[in-house]
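Undergrad:
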Amino acid sequence: MGIDMTNGYPKSLQAWLAASFGLELGLAVLAFAMTWTASAYGHDTASAVLTLTVAPAVVLGLLGGLLADRVGPRRTMIVSSLGLVAISVILAGVVWGAGTSPALLFVIAASMGTASAFFRPASAVFARLFVADRELGTAMARVGMAGQLARTIGPPLGGVLIGMLTLAGVAWIGAAGAAVMLWVLLLIRVPRRVQPSDVRLGVRGILDAMSAVRSRKDVSALLASVAIIAGAVIPVVALGIPLAARERGWSASEAGLIEAGWIAGGLVCTAWFGWKGTLTNAWRPMFVGPIVIALGLGLLAIAPRWEVAVSSTVLVGTGVVLFTAHAFPTYLLLAPATMLSRFQSLLLFVQQAPQLVVAPLVGFAGEALGMGAVIGAFGALALPASLLVVSNRSLRDFRL
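Laid out in structure tokens, this is it:
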């Protein structure tokens, strides 16, 4: 089947990218609005809403990948998008008619997390159906940039909109973003067809994917390195920065700028790869990225001023994208055609699962040792990812 190209990419891919941005922006705005509303009931309620949003991705993500392999990523995303529309509309209706309550927020958070758990493994492999393998890295960089930009804009925009529209109004925005994605998925033409796998929906299908990963040393090394980077970076960004800021007497706005630094560094690096393309020798940036992350976290650990801390997080964001912009397309190209979504769900799992283990340790260790020592230790934790990449001959020989 021919591919309708505009500026080097199919029009259908461009339409899906635009819809992805709209969906992620709507979800980010709604997530902030729900967390803000939950915070009125106390810190525990807000934490529970956040946990219920993330936990389904860890628990159900592998099943989501299995379903996408069974029926195809497009069908899986259509059903998931329809679910997100319904959940958002129900939230808007209940809030308008009866107001908010912790129970309502818990149910909606868990429902949205469940729908996202099925949507994301399918969406992560969808770009491969539009471009040649040699263009996959650039295409995935653009997909990543759209999502990252939406998640950056979403929280501050949600803060403005929750005051203007209330939670019910923001829920309609979330519904609109999901509805646009649903509409685009129903209308676009996909150049490559996916032959659905005959795998059954059950534990066996998930175990088969895990066995396939274990049989490939290059894939296992990639997954382990991704888990290391996620475990080193995300807890520091989510908890380490605000705790370090309080410890050092920096203001909330200064802490916000420090956190924005890693987003800015990542966005600039992502935009560069989206424009110029990824490097052919993927192992080199995958080797350098964790070193840059370690340098950034090391600088953050000893930063005497918030301006220095901003520079350090820019380095962290740059290192993360140096690594992921090459690791993710490499991983996708190494995945068997019949297990694309299951492999992708495993990739998502190893990014999220370490957070559940490591994040609670950050506050405890920071209280005992000081956040400087904790952040420095997390920087050192990133370095084994470089060793895993450079010590694997298959990854050194792989070309994007």
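So in the UniProt record's numbering, spot 256 of the sequence shown is number 256, and the numbers just go up one at a time.
C-beta: ideal position from N, C-alpha, C; glycine also.
Please read these numbers as outputs of a predicted model, since none were measured by experiment.
1) In this structure, does DSSP put P10 in helix, strand or coil?
2) Tell me where the alpha helix (DSSP H) around M181 begins and ends.
3) Ends of the alpha helix (DSSP H) at residue 430?
4) Over what stretch of residues does the alpha helix (DSSP H) that includes S111 continue unbroken?
5) Helix, strand or coil for D4 per DSSP?
6) Give the secondary structure of A282 by DSSP, where H, G and I count as helix, E and B as strand, and everything else as coil.
7) I want to know whether the segment 243-262 touches the segment 92-108 - three or more CB-CB distances under 8 Å.
8) Starting from the N-terminal side, write out each stretch of the beta strand (DSSP E) that is 3 residues or longer and does not extend beyond the segment 238-272.
9) Relative to the C-alpha of V131, which candidate in T324, S39, L333 has its C-alpha closest?
10) What is the rounded straight-line gap between the Cα of R396 and the Cα of K217?
11) Can you check whether the CB of F323 is closer than 9 Å to the CB of S225?
12) So within the segment 41-101, which uninterrupted alpha helix (DSSP H) runs reach at least 4 residues, ignoring any that extend past its ends?
13) Which ranges would you report for the alpha helix (DSSP H) in the segment 350-397 if only whole runs of at least 4 residues count?
14) For the alpha helix (DSSP H) that A221 lies in, which residues bound it at each end?
15) Can the beta-carbon of A28 be found less than 9 Å from the beta-carbon of G159?
16) For V125, collect the residues of the same chain with a Cβ closer than 7 Å to its Cβ; drop the 5 residues on either side in sequence, then sort them by chain order.
17) Given that a residue counts as buried once 16 or more other Cβ atoms are within 10 Å of its Cβ, and exposed if not, what is W275?
18) Between G372 and A301, is the Cβ-Cβ spacing less than 9 Å?
19) When you compare the CB positions of G296 and T318, do they come within less than 9 Å of one another, or not?
20) Using only CA atoms, which one of M34, V184, L257, A48 lies nearest to I162?
21) Less than 9 Å between the C-beta atoms of A227 and P354, yes or no?
22) Alpha carbon to alpha carbon, how far is A92 from G379?
23) In angstroms with no decimal places, state the Cα-to-Cα distance between L17 and V184.
24) Run the CB neighbour count on M164, radius 10 Å, all protein chains shown included, and call it buried at 16 or more, exposed below.
25) Mind checking whether the beta-carbon of G99 lies closer than 8 Å to any heavy atom of the ligand ATP?
26) Distance check for S80 and L60, CA to CA, integer angstroms please.
27) Pick out whichever of A337, S394, P235, L239 has its Cα sitting closest to the Cα of A382.
28) Please state whether DSSP places R399 in a helix, a strand or coil.
29) Just how far apart, CA to CA, sit F87 and F287?
30) Drop a sphere of 10 angstroms on the beta-carbon of F21, count the other beta-carbons inside from all chains shown, and report buried for 16 or more, exposed for fewer.
31) What would DSSP say about V29, mapped onto helix, strand or coil?
32) Between T166, S12, P304, V316, which has its C-alpha nearest A260's C-alpha?
TA: Considering the structure as presented:
1) Taking the sequence shown and counting its residues from 1, one reaches residue 10 at position 10. DSSP places P10 in strand when its eight states are reduced to three.
2) Taking the first residue of the sequence shown as 1, we reach residue 181 at position 181. Taken as a continuous stretch (DSSP letters only), the alpha helix (DSSP H) holding M181 covers 136-187.
3) Given that the chain is displayed from residue 1 to residue 400, the structure contains no residue 430 and the question cannot be resolved.
4) Here residue 111 is taken as the residue at index 111 of the sequence shown, counted from 1. Secondary structure note for S111: its alpha helix (DSSP H) is the uninterrupted segment 102-126.
5) Your numbering for residue 4 matches position 4 in the sequence shown. Here the model assigns D4 a pLDDT of 42, short of 50, so the residue's position is not dependable and the matter cannot be decided.
6) As a first step, residue 282 must be located in the sequence shown, where it is residue number 282. Correct three-state label for A282: coil.
7) Because the criterion of three Cβ pairs below 8 Å is not met, the segment 243-262 and the segment 92-108 do not touch.
8) The qualifying runs do not exist here; there are none.
9) Within the sequence shown, numbered from 1, the residue matching residue 131 stands at position 131. Across the set T324, S39, L333, the C-alpha of L333 shows the shortest separation from the C-alpha of V131.
10) What you label residue 396 is simply residue 396 of the sequence shown in a count that begins at 1. What you label residue 217 is simply residue 217 of the sequence shown in a count that begins at 1. Those two C-alpha atoms are separated by around 12 Å.
11) Here residue 225 corresponds to residue number 225 of the sequence shown, with the count starting at 1. Here residue 323 corresponds to residue number 323 of the sequence shown, with the count starting at 1. In contact: S225 and F323 (Cβ atoms closer than 9 Å).
12) Counting whole runs of 4 or more residues, the segment 41-101 contains the alpha helix (DSSP H) stretches 43-71, 73-98.
13) Complete alpha helix (DSSP H) runs here, min 4: 371-390, 393-397.
14) Along the sequence shown, read from residue 1 onward, the residue named residue 221 stands at position 221. That run of the alpha helix (DSSP H) goes 217-235.
15) The residue you call residue 28 lines up with position 28 of the sequence shown. The residue you call residue 159 lines up with position 159 of the sequence shown. Against a cut-off of 9 Å, the Cβ pair of G159 and A28 comes out as no contact.
16) For the purposes of this step, residue 125 is identified with residue 125 of the sequence shown, where counting begins at 1. Taken in chain order, the residues that qualify are P73, L332, L340, S341, Q344.
17) The residue given as residue 275 occupies position 275 in the sequence shown. By the beta-carbon neighbour count (other beta carbons within 10 angstroms, threshold 16), W275 is exposed.
18) Walking along the sequence shown from the start, residue 372 turns up at place 372. Walking along the sequence shown from the start, residue 301 turns up at place 301. Closer than 9 Å, so yes.
19) Numbered from 1 along the sequence shown, position 296 holds the residue referred to as residue 296. Numbered from 1 along the sequence shown, position 318 holds the residue referred to as residue 318. In this structure, G296 lies near T318, with their beta-carbon atoms less than 9 Å apart.
20) Sequence index remark: in the sequence shown, residue 162 carries index 162 (1-based). The candidate whose alpha carbon is nearest that of I162 is M34.
21) As a first step, residue 227 must be located in the sequence shown, where it is residue number 227. As a first step, residue 354 must be located in the sequence shown, where it is residue number 354. It is a contact, given that the beta carbons lie within the stated cut-off.
22) Counting from one through the sequence shown, the residue named residue 92 turns up at place 92. Counting from one through the sequence shown, the residue named residue 379 turns up at place 379. Looking at the two C-alpha atoms, the distance is approximately 43 Å.
23) On the sequence shown, position 17 is the one that residue 17 refers to. On the sequence shown, position 184 is the one that residue 184 refers to. Inter-residue distance for L17 and V184 is about 10 Å (C-alpha atoms, whole angstroms).
24) Within the sequence shown, residue 164 is the residue found at index 164, counting from 1. Result: exposed.
25) Ligands are entirely absent from the displayed structure, and the ligand ATP is therefore not among its contents.
26) Here residue 60 corresponds to residue number 60 of the sequence shown, with the count starting at 1. Here residue 80 corresponds to residue number 80 of the sequence shown, with the count starting at 1. For L60 and S80, the distance between alpha carbons rounds to 13 Å.
27) Locating residue 382 in the sequence shown gives position 382, counting from the first residue. Residue P235 is the option with its Cα nearest to A382.
28) Position 399 of the sequence shown, counted from the start, is the residue given in the question as residue 399. Three-state result, R399: coil.
29) By one-based count along the sequence shown, residue 87 stands at place 87. By one-based count along the sequence shown, residue 287 stands at place 287. Per the sequence shown, the amino acid found at residue 87 is Ile instead of Phe. The C-alpha of I87 lies about 42 Å from the C-alpha of F287.
30) On the sequence shown, position 21 is the one that residue 21 refers to. F21 is buried by the Cβ-count criterion.
31) As a position in the sequence shown, residue 29 is number 29, starting the count at 1. Correct three-state label for V29: helix.
32) The residue given as residue 260 occupies position 260 in the sequence shown. The shortest C-alpha separation from A260 is found at V316.
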